[in-house]
Amino acid sequence: MPWEYLLGPSFVDEANGFPDLALPLVVAAGVFLALQVLLYNVQTRRLHRHFPLVNLQEWLLWTGLATFSLVLISWIFRFYFIFPLTALLVGIGAYLWIRFRKFPPLIEAYNQQLRRARFYSQQKHKHPEQTIRPKRSERSRRQRRR
386 MPWEYLLGPS
396 FVDEANGFPD
406 LALPLVVAAG
416 VFLALQVLLY
426 NVQTRRLHRH
436 FPLVNLQEWL
446 LWTGLATFSL
456 VLISWIFRFY
466 FIFPLTALLV
476 GIGAYLWIRF
486 RKFPPLIEAY
496 NQQLRRARFY
506 SQQKHKHPEQ
516 TIRPKRSERS
526 RRQRRR
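So the sequence shown is residues 386 to 531, counted in the working numbering.
Here it is, written out as structure tokens:
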């Protein structure tokens, strides 16, 4: 039965476990963990002025760190296969929720704010005369000197 495999010996046990799944799963978890940290460093430097996008990257970093670290720890301590499998399913579910449910409304609101600021900036400087400062009159210069 399938549950006997999931709740039986550890998933790295040579005789009865899942040795054929253990090594690829651990290598993939290590690679994904390294890629997640690298992606976070690159994206936060690139998007440091845009708070919601940096916040998204932080959420993804901590989710990836927790998920892939749990897989590596379950391999080191020889847990049953149900534990890394559960960690992966919950982690992937959290990734999908963060990326497609939690942050799109926040990013859309931030984009609206940027569009509004850009529009008002364009309106403010639409006419060239508005960007040129008027010369001060002699009277205002004399008043300043006093």
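Backbone N, C-alpha and C define an ideal beta-carbon position, used for all residues, glycine too. What you are looking at is a predicted structure, and each value in this text was computed from that prediction instead of being measured.
Own chain partners of Q428 with C-beta closer than 7 Å, once the 5 adjacent residues on each side are dropped: Q442
Excluding sequence positions up to five away, which residues of its chain have a Cβ less than 7 Å from the Cβ of T452? Closer than 7 Å at the Cβ level, and outside the excluded window around T452, lie A472, L473, G476.
Measure from the alpha carbon of R484 to the alpha carbon of each residue in L408, V439, Y505, R463, then state which is nearest. V439
Say whether the region 493–508 touches the region 443–450, bearing in mind that this needs 3 or more beta-carbon pairs closer than 8 Å, one atom from each stretch. no
Any C-beta of chain C under 9 Å from that of V412: The displayed structure is made up of one protein chain only, and chain C is not part of it.
Cβ pair H433, Y495 closer than 9 Å: Judged by beta-carbon spacing, Y495 lies beyond the 9 Å limit of H433, meaning their Cβ atoms are not closer than that value.
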